[in-house]
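The structure under discussion appears below in the form of structure tokens.
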Amino acid sequence: MGAKTTKAIEPPKWANRFLEWFCSADQLEILQGDLYETFQFRLAKSGPLRARLLFIKDVFDLMRPFAFKRKRSYSSNNRAMLKNYFKISYRNFLSQKIYSLINISGLAIGLACFLLIYLYVQDELSYDSMHSKADRTYRVLELFESDGVGEHSASNPFGVGPTLINDYPHLIESMVRLFNFQAPVLSLKNPENNREFNESRLFLADSTLFDVFDFEMLVGNKETALDGPNSIILTESLAYKYFGDDDPLGKQLIFQGEQPLLVNGIMADAPLNSHFQFDAMISYSTIKHFVPASWMARFYWNPNWTYITLHDNSLKAELETQLIPYKDKYFPEDKREHISLQLQPLLDIHLHSNLDYEIQANGSASNIYVFSTIALFVLFIASINFINLSTARATKRAKEVGIRKTLGSKKSQLVKQFIFESLLYTFSAMLLAILAVLLILPFFNVFTEKAITLVTLLDIQFIIAALVTMVSVGLISGIYPALVLSSFDPVKVLKGGHLKSKGFSFRKVLVTIQFAISILLIVGTIMAVKQLDLLQDNNLGFDKEQVIMVPIMRTPIGENFETIRQEMLKLKDIQYVTAVEEIVGAKNQVGMYHFEGMEVGQPFPRLSMRHDFLETFGMELISGRNYSEDFETDDEEALLINETLARQMGWTNEEAIGKYHLRSRDRRGKVVGVVKDFNYASKHQPISSLVMDLSLSPSSFRLFIKYMAIRVSGQNINESLGELERVWKDFIPDRPFQYFFLDSRLAESYKAEEKLSLLTAIFAGLAILVACLGLFGLATFTTEQRSKEIGIRKVLGIKGGQIIGLLSKDFMRLILLAILITVPATYFLVNSWLDGFAYRVSLEIMPFVIATITVLTIAFVTVAYQALRAVSINPVRILKDE
Numbered sequence: 041m042g043a044k045t046t047k048a049i050e051p052p053k054w055a056n057r058f059l060e061w062f063c064s065a066d067q068l069e070i071l072q073g074d075l076y077e078t079f080q081f082r083l084a085k086s087g088p089l090r091a092r093l094l095f096i097k098d099v100f101d102l103m104r105p106f107a108f109k110r111k112r113s114y115s116s117n118n119r120a121m122l123k124n125y126f127k128i129s130y131r132n133f134l135s136q137k138i139y140s141l142i143n144i145s146g147l148a149i150g151l152a153c154f155l156l157i158y159l160y161v162q163d164e165l166s167y168d169s170m171h172s173k174a175d176r177t178y179r180v181l182e183l184f185e186s187d188g189v190g191e192h193s194a195s196n197p198f199g200v201g202p203t204l205i206n207d208y209p210h211l212i213e214s215m216v217r218l219f220n221f222q223a224p225v226l227s228l229k230n231p232e233n234n235r236e237f238n239e240s241r242l243f244l245a246d247s248t249l250f251d252v253f254d255f256e257m258l259v260g261n262k263e264t265a266l267d268g269p270n271s272i273i274l275t276e277s278l279a280y281k282y283f284g285d286d287d288p289l290g291k292q293l294i295f296q297g298e299q300p301l302l303v304n305g306i307m308a309d310a311p312l313n314s315h316f317q318f319d320a321m322i323s324y325s326t327i328k329h330f331v332p333a334s335w336m337a338r339f340y341w342n343p344n345w346t347y348i349t350l351h352d353n354s355l356k357a358e359l360e361t362q363l364i365p366y367k368d369k370y371f372p373e374d375k376r377e378h379i380s381l382q383l384q385p386l387l388d389i390h391l392h393s394n395l396d397y398e399i400q401a402n403g404s405a406s407n408i409y410v411f412s413t414i415a416l417f418v419l420f421i422a423s424i425n426f427i428n429l430s431t432a433r434a435t436k437r438a439k440e441v442g443i444r445k446t447l448g449s450k451k452s453q454l455v456k457q458f459i460f461e462s463l464l465y466t467f468s469a470m471l472l473a474i475l476a477v478l479l480i481l482p483f484f485n486v487f488t489e490k491a492i493t494l495v496t497l498l499d500i501q502f503i504i505a506a507l508v509t510m511v512s513v514g515l516i517s518g519i520y521p522a523l524v525l526s527s528f529d530p531v532k533v534l535k536g537g538h539l540k541s542k543g544f545s546f547r548k549v550l551v552t553i554q555f556a557i558s559i560l561l562i563v564g565t566i567m568a569v570k571q572l573d574l575l576q577d578n579n580l581g582f583d584k585e586q587v588i589m590v591p592i593m594r595t596p597i598g599e600n601f602e603t604i605r606q607e608m609l610k611l612k613d614i615q616y617v618t619a620v621e622e623i624v625g626a627k628n629q630v631g632m633y634h635f636e637g638m639e640v641g642q643p644f645p646r647l648s649m650r651h652d653f654l655e656t657f658g659m660e661l662i663s664g665r666n667y668s669e670d671f672e673t674d675d676e677e678a679l680l681i682n683e684t685l686a687r688q689m690g691w692t693n694e695e696a697i698g699k700y701h702l703r704s705r706d707r708r709g710k711v712v713g714v715v716k717d718f719n720y721a722s723k724h725q726p727i728s729s730l731v732m733d734l735s736l737s738p739s740s741f742r743l744f745i746k747y748m749a750i751r752v753s754g755q756n757i758n759e760s761l762g763e764l765e766r767v768w769k770d771f772i773p774d775r776p777f778q779y780f781f782l783d784s785r786l787a788e789s790y791k792a793e794e795k796l797s798l799l800t801a802i803f804a805g806l807a808i809l810v811a812c813l814g815l816f817g818l819a820t821f822t823t824e825q826r827s828k829e830i831g832i833r834k835v836l837g838i839k840g841g842q843i844i845g846l847l848s849k850d851f852m853r854l855i856l857l858a859i860l861i862t863v864p865a866t867y868f869l870v871n872s873w874l875d876g877f878a879y880r881v882s883l884e885i886m887p888f889v890i891a892t893i894t895v896l897t898i899a900f901v902t903v904a905y906q907a908l909r910a911v912s913i914n915p916v917r918i919l920k921d922e
């Protein structure tokens, strides 16, 4: 047998590679010699394992000083590199001031628009999120509908909340009801100082209010403050309004001129991002002084807003399945088949709810989408400007790129440098944008009715959003110019050959997109304004001008209404006085009516009223007669209906007269008149059937009749108001006289559309401004590039107008192309938005013509300004410089 060969023992190869990475070739040769000699000595003396371990230790001991030196060298290189980037960026800024300022200002405008709309959208999305149980809290809705007529109510009967939690305690953790009689105002008075006001934001609330909502209690015990009857919690602002600097705790306020309430606590003012605002909460058990127990026991009248919190959000589906047997158990038999109950998430109310009897007007999710889109458009246009100007200026930096490449710079290094410059410009723009936001925010808050504070700008979410936006815009705006600039061939550049920018065609595409967006925004703005004008116009079917509305519900006016009315009619400028259930042109109620030809009664929109209703509002009676004081039975037997109801029943206006309606099982009334259709609710809804029901009972002022309506001649409004207040005080001295003008209140119904149209106009204007800044920069650069050509053409006798046409024709072509591209898309988008309105304007060609002329004019003036500057330069100087 041959001798067995022994494998040579080597030191660990991976340890040796550390030395190769950290050391130069000469150092490596010396160190490896010493290490290998030591390793062989230890191997012979102590064995392979110990020798290898000690070898690794020796390697790390030798590596430490080299590693520190290498790290320090890397750090120094990075600092030097950043310093060089800053130096080059600064020099480029100085050498190209106009383009740099255009880039920064354009980006700053785009970023400022984006940040403002971000703050607005963030606030809109934050509604009700301050409550810890918001994700499992729901509002109970009552949908009452029959043959397409009825009401979708945000409120429900008194018994819904208590019976739900009683029947399903394994599903529902807590419940609270809010109640305000659905009255426009309720009165409070401090008997000590006689401070008395009508308040529009008073609620009765269950003692479980703080089990559902996390409103802040400043003084008092929130667990017991609403336990007993005749207790009230004031907000901080309302406490100061009635008590000044005095401590209100334990003192009394008089509610509705009759019921003393004990102040049991002070709350923080209601958060502005809550879907309902309040100034005080009265204990719900106080209701016994105002509403009979028999009414509260019936599941018919629905004036309560009911909120429930589930033990767990996963239980929602199970509770929804129980709502059908629950409804059949409690609701009247004649209503069950027409009613359905639903659970509405608390967090959806502000942006996704437009029901009957909302506590207050909500926002609109569609407006959020519109504003967000506009913000992105403005920012996109600003980014396009940056890309266009950066690529257009490529030839100015071609020699720099060529020299750097010749000296060994890699393409990746050049890309990093140009992206760094882009980020630096974006950072500068962001600082200007934040400064602009700080200056604009107070005015923005007034316009949008927000309370966004400067502290919000320090919120971590806002900071992250600003940083992400800045970096994203910087990278997106810089990556393409960086790739274009770093791709130049150094040989061609340094030989001085003709250099064609690779971004030229892409710039054309971007300019086209830029002006396509501008056209879309202009058309959208025009249509938003036209739609707002349609909603606010006077064609409502009644006369809203010179009508004074006075809230009177739950005042002692019932017994004396006719006397007060006659006294007011004696005043020289007072033409008509009536009373009505709701604000005409804004909302209505619903009642059950059984007309001839119907098998069962159905819900119909209703307005209860007093005599002279038609005259006060200038409505037209087209068939039959009006209510008259000459017919004593009108209150019990007669009805007025509108044209739409007559058509729904299959009657002509003349045939409707005399048709019966069942007042009860053994009593019949009849239709006595048909009124020309009018917009009894806002124009967000189409006109539907309406019953105008005379209600002469004094008790109707406690439940149905909410407003006195007074038509004045308008000759001397201030004098008329003073006389009306005098008559009011003569009869109702313990209640404040409060009023508003009908036309002003109706205008508030379209506040969301007004904000949308104005904001769209502002941001569309800014988008066009940013686009023009970019066009100005491109026109300036084009003029500079073609200065030699212009000089030669001037020497050859070309006219100034021809030079302007020569320089502007390329841009005009791009804008015309943008128009052709954007018209179909704009038509589709704007038409889709208009389809969301019951009454809408038609989208015709004129807005597109206006947008086209506007964009072409602005673009031509921008380019022509630069062309005129070029024309005014002496061609001798141009050719000499060249």
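41 is the number of the first residue of the sequence shown in my numbering; add one for each residue after it.
Every residue, glycine too, gets a C-beta built ideally from N, C-alpha and C.
Every value quoted in this text rests on a predicted model; they were computed, and no experiment measured them.
Checklist entry - Out of LEU155, ASP774, ILE348, which has the shortest C-alpha to C-alpha gap to PRO209? => result Selection LEU155, ASP774, ILE348 evaluated against PRO209 yields ILE348 as nearest (Cα-Cα).
Item to check | Nearest to GLN629 (by Cα), restricted to the options TYR720, LYS610, ILE604 | outcome: Cα-wise, what sits closest to GLN629 is TYR720.
Checklist entry - Does the Cβ of TRP335 have 16 or more other Cβ atoms within 10 Å, making it buried, or fewer, making it exposed? => result Exposed is the call here.
Checklist entry - Thinking C-beta only, is PHE318 closer than 8 Å to PHE243? => result Yes, these two residues count as a Cβ contact at 8 Å.
Checklist entry - Taking the Cβ atom as the reference point for each residue, do LYS229 and GLU236 lie within a distance shorter than 8 Å? => result A Cβ-Cβ contact shorter than 8 Å links LYS229 with GLU236.
Checklist entry - Using the rule of at least 16 other Cβ atoms within 10 Å of the residue's Cβ for burial, across every protein chain shown, is ASP1 buried or exposed? => result In this structure the chain extends from 41 to 922, so residue 1 is not present and cannot be described.
Next on the checklist: Among the candidates TYR409, GLU377, ARG376, ILE379, whose CA atom is the shortest distance from the CA of HIS392?
Outcome noted: The residue from TYR409, GLU377, ARG376, ILE379 with its alpha-carbon nearest to that of HIS392 is TYR409.
Checklist entry - Among residues of its own chain, excluding the 5 on either side of ALA792, which ones have a beta-carbon nearer than 8 Å to its beta-carbon? => result Here the set comprises ALA401, GLY403, SER404, ASN407.
Checklist entry - Taking the C-alpha atoms as reference points, what is the distance between ALA223 and ARG650? => result Computed Cα separation, rounded: 18 Å.
Checklist entry - In terms of residue numbering, what span does the alpha helix (DSSP H) encompassing TYR347 cover? => result Here TYR347 belongs to no alpha helix (DSSP H); instead the beta strand (DSSP E) covers 344-350.
Item to check | Cβ-Cβ separation, TRP345 to ARG241 (assumed contact under 8 Å), whole Å | outcome: Between TRP345 and ARG241 the Cβ distance is about 13 Å, and since that is not below 8 Å, they are no contact.
Item to check | One or two residues paired with ASP396 in a DSSP bridge | outcome: DSSP lists SER193 as the beta-bridge partner residues of ASP396.
Checklist entry - Is there contact between the stretch 710-724 and the stretch 588-602, where contact requires at least three CB pairs shorter than 8 Å? => result No: fewer than three Cβ pairs fall under 8 Å.
Checklist entry - When we look at the beta-carbon of PHE255 and count the other beta-carbons within 10 Å, is it buried (16 or more) or exposed? => result That one is buried.
Checklist entry - Three or more C-beta pairs closer than 8 Å, one from the stretch 611-629 and one from the stretch 738-749: is that the case here? => result In this structure the stretch 611-629 touches the stretch 738-749; the number of beta carbon pairs closer than 8 Å is three or more.
Checklist entry - Within the chosen definition, does the stretch 267-285 reach the stretch 298-309 through at least 3 CB pairs nearer than 8 Å? => result They touch, by the three-pair rule.
Item to check | Pair within 8 Å by beta-carbon distance, ILE399 and ALA858 | outcome: In this structure, ILE399 lies away from ALA858, with their beta-carbon atoms at least 8 Å apart.
Item to check | Sequence ranges, alpha helix (DSSP H) only - wholly within the stretch 165-248, length at least 4 | outcome: Segments of the alpha helix (DSSP H) lying fully in the stretch 165-248: 200-207.
Item to check | Exposure label - ASP573; buried when at least 16 CB within 10 Å | outcome: Around the C-beta of ASP573, fewer than 16 other C-beta atoms lie within 10 Å, and the residue is accordingly described as exposed.
Checklist entry - By a C-beta neighbour count over all protein chains shown, 10 Å radius and 16 as the cutoff for buried, is LEU226 buried or exposed? => result So LEU226 ends up on the buried side.
Item to check | Contact belief for VAL551 with VAL810 at Cβ below 8 Å, rounded distance in angstroms | outcome: Contact flag wrong, Cβ pair sits at about 13 Å.
Checklist entry - For PHE635, which option in ALA357, LEU874, ASN425, TRP691 has the closest C-alpha, if you only look at C-alpha atoms? => result Residue TRP691 is the option with its Cα nearest to PHE635.
Item to check | Beta-carbon proximity list for THR45, same chain, < 7 Å, skipping 5 on both sides | outcome: Annotation note: pLDDT 42 at THR45 (below 50); position unreliable, coordinate value reported separately. The beta carbon of THR45 is closer than 7 Å to none in its chain, skipping five residues each way along the sequence.
Checklist entry - From MET257, TYR139, GLU602, ALA522, pick the residue whose C-alpha is nearest to that of LYS450; which is it? => result When MET257, TYR139, GLU602, ALA522 are compared, the shortest CA-CA separation from LYS450 is found for ALA522.
Item to check | Three-way DSSP call (helix, strand, coil) for ARG833 in this model | outcome: Reduced to three states, the DSSP call for ARG833 is helix.
Checklist entry - From GLU829 to THR413, what does the alpha carbon distance come to, in whole angstroms? => result Distance between the alpha carbons of GLU829 and THR413: 42 Å.
Checklist entry - SER195 and PRO343: beta carbons closer than 8 Å? => result A contact, by the Cβ cut-off of 8 Å.
Checklist entry - CB-CB under 7 Å to SER468, same chain, minus the five flanking residues each way: which ones, in chain order? => result Apart from sequence neighbours up to five positions away, the residues of its chain that approach SER468 with a beta-carbon distance below 7 Å are ILE144, ordered along the chain.
Checklist entry - Residue range of the beta strand (DSSP E) that SER323 falls in? => result Its beta strand (DSSP E) spans residues 320-323.
Item to check | Where GLY713 sits in the DSSP three-state scheme | outcome: In this structure, DSSP gives GLY713 an extended state, which the three-state scheme calls strand.
Checklist entry - TYR667 by DSSP, collapsed to three states: which one? => result Here TYR667 sits in coil by DSSP.
Item to check | Where TYR790 falls: helix, strand or coil (DSSP) | outcome: In this structure, TYR790 counts as coil in the three-state DSSP scheme.
Next on the checklist: On a Cα-Cα basis, can you pick out the residue from ARG179, LEU464, VAL715 that is closest to HIS658?
Outcome noted: At residue 658 the sequence reads Gly, which differs from the His that was named. Relative to the Cα of GLY658, the nearest Cα in the group ARG179, LEU464, VAL715 belongs to VAL715.
Checklist entry - Over what stretch of residues does the alpha helix (DSSP H) that includes ASN756 continue unbroken? => result No alpha helix (DSSP H) contains ASN756, which DSSP labels as neither H nor E.
Item to check | Minimum C-alpha distance to ALA904 - residue among ILE861, ILE843, ASN871 | outcome: Considering only alpha carbons, the answer is ILE843.
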